[in-house]
Structure formats: C-alpha cells, structure tokens
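If you count the sequence shown from 1, position 93 lands on 93 in the UniProt record's numbering, and the numbers rise without skipping.
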Amino acid sequence: MQQRGYWGTLIGGFLVGTTLFIFYYVSGAGFGASGGFSQLSSFIIALFSKSYIASNGYTASSLGDHGVTHILYNRIFFIDIGIFIGGFVSALIGGRLRFSTDKGSSTSTSYRYAMAFFGGILIAYSTRYARGCTSGQGLAGAGAFSVGGWLFLFCVFAGVYLTARLFRRQWL
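1. Check whether the Cβ atoms of residue 43 and residue 71 lie closer than 8 Å to each other.
2. Quick check on residue 154: buried or exposed, where buried means 16 or more other Cβ atoms within 10 Å of its Cβ?
3. For residue 143 and residue 20, I'd like the C-alpha separation in whole angstroms.
4. From which residue to which residue does the alpha helix (DSSP H) around residue 80 run?
5. Out of 140, 139, 134, 145, which one is the CA nearest neighbour of residue 160?
6. Alpha carbon to alpha carbon, what distance is there between residue 121 and residue 34?
7. In or out: residue 116 buried (at least 16 other Cβ within 10 Å) or exposed?
8. Let me make sure I understand the geometry here. Which of 2, 17, 3 has the alpha-carbon closest to that of residue 9?
9. Buried or exposed: which applies to residue 93, given that a residue is buried once 16 or more other Cβ atoms fall within 10 Å of its Cβ?
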C-alpha cells in the first residue's frame with residue numbers, strides 16, 4: 001500500500017475541537033488520556049489487594065461507594081481505547097503500518113530506545129504530578145477558558161522550544 005500524505009493542521013485542529021465540544025456536551029467534562037491508565041492500574045491492583053488501594057492516598061479516589069469502581073465505568077478508559085484503535089486505523093489507511101524507529105542518522109537505535117524509555121518515565125511522572133496530560137490540561141483546560149489550562153499550554157510550548165536545540169542532533 002502506498003503511503004498517503006498527512007491531513008492538514010486546520011482540519012485536524014477543527015476535528016479535535018469538534019470532538020472536545022461534543023464530549024463536553026455529552027459527558028459534562030473535558031477529556032484527557034492519562035487518567036484512564038492510572039484508573040486501570042488501580043483497578044488491576046485492587047483485584048489483588050483492595051486494602052492497598054484504600055490506604056494509598058493517590059489511588060483511594062478510585063474507590064466507589066461499594067468498593068473499587070469498575071474500569072468500564074471510567075469514560076477516560078474508553079478514550080484511551082479509542083485513541084489506540086484510531087491510531088491503528090489511521091496508520092492502516094495511510095499506509096504507515098510498519099515497525100520502524102524514527103531517529104537521526106548519527107543516533108543509534110539502542111540510544112533512541114533508551115531515550116524514549118527514560119523520556120516516557122519522565123512524562124508519566126510529570127503528567128500525574130501536573131494532574132493531567134496535554135489533552136486534559138491543555139485542550140480541555142484551554143477549551144474551558146481556564147487560566148491554568150492556558151498557562152500550561154504556554155509553558156509546554158516554551159519548554160519544547162527551549163529544549164528542542166538540546167535534542168536536535170538526534171533527529172538530523
């Protein structure tokens with residue numbers, strides 16, 4: 001299958017904004033992605049030890065009135081599943097469904113994997129520390145005209161701009 005071009009940024013932005021608007025209308029709340037993973041981990045741990053979930057201040061919020069809230073009651077969990085399925089279908093339709101490692105010519109594959117692993121850990125910790133990911137804090141927060149959401153977006157763009165030069169050689 002021949003690889004197709006990407007959608008334009010205006011079309012993508014319009015579709016994300018429309019999806020956010022519909023999600024606000026249907027559920028009464030914005031969407032994010034990171035909360036689904038923390039709820040899933042709390043649900044799995046609770047299968048083995050409900051007392052640990054109850055005693056941990058971070059995971060205790062996942063307890064419902066009658067014990068652990070089932071993961072299927074979590075709207076963000078379904079968003080995460082939809083992101084995975086949507087990405088797969090998009091790659092399939094666009095002719096990009098293959099295993100590859102994106103890196104610069106001067107970077108080894110093992111170094112790229114190590115950087116991705118440690119960067120993923122840093123992002124996962126930062127996401128929970130900030131109480132939301134870029135979709136939850138940035139899109140939903142800015143969409144609700146939250147000062148914190150807009151401040152978060154400005155800080156993300158400033159941070160990306162300032163650190164891009166540090167990692168530039170890995171991509172060129």
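The beta-carbon is built from N, C-alpha and C at its ideal position, and this holds for glycine as well.
Taking the coordinates as given:
1. Residue numbering aside, residue 43 sits at position 43 when the sequence shown is read from its first letter. Residue numbering aside, residue 71 sits at position 71 when the sequence shown is read from its first letter. Their beta carbons are under 8 Å apart, which means residue 43 touches residue 71 by this criterion.
2. If you number the sequence shown from 1, residue 154 lands on position 154. So residue 154 ends up on the exposed side.
3. Stepping through the sequence shown from its first residue, residue 143 is reached at position 143. Stepping through the sequence shown from its first residue, residue 20 is reached at position 20. The straight-line gap from Cα to Cα measures roughly 8 Å.
4. Position 80 of the sequence shown, counted from the start, is the residue given in the question as residue 80. Counting along the chain, the alpha helix (DSSP H) containing residue 80 begins and ends at 75-94.
5. Working through the sequence shown from its first residue, we reach residue 160 at position 160. If we check each option's Cα against that of residue 160, 134 comes out closest.
6. For the purposes of this step, residue 34 is taken as the residue at position 34 of the sequence shown. For the purposes of this step, residue 121 is taken as the residue at position 121 of the sequence shown. Each residue's alpha carbon lies about 13 Å from the other.
7. Here the question's residue 116 lines up with position 116 in the sequence shown. When all chains shown are included, residue 116 counts as exposed.
8. Translated into positions along the sequence shown, residue 9 becomes position 9. Ranking the options by Cα distance to residue 9, first place goes to 17.
9. Within the sequence shown, the letter at position 93 stands for residue 93. Under this definition residue 93 is an exposed residue.
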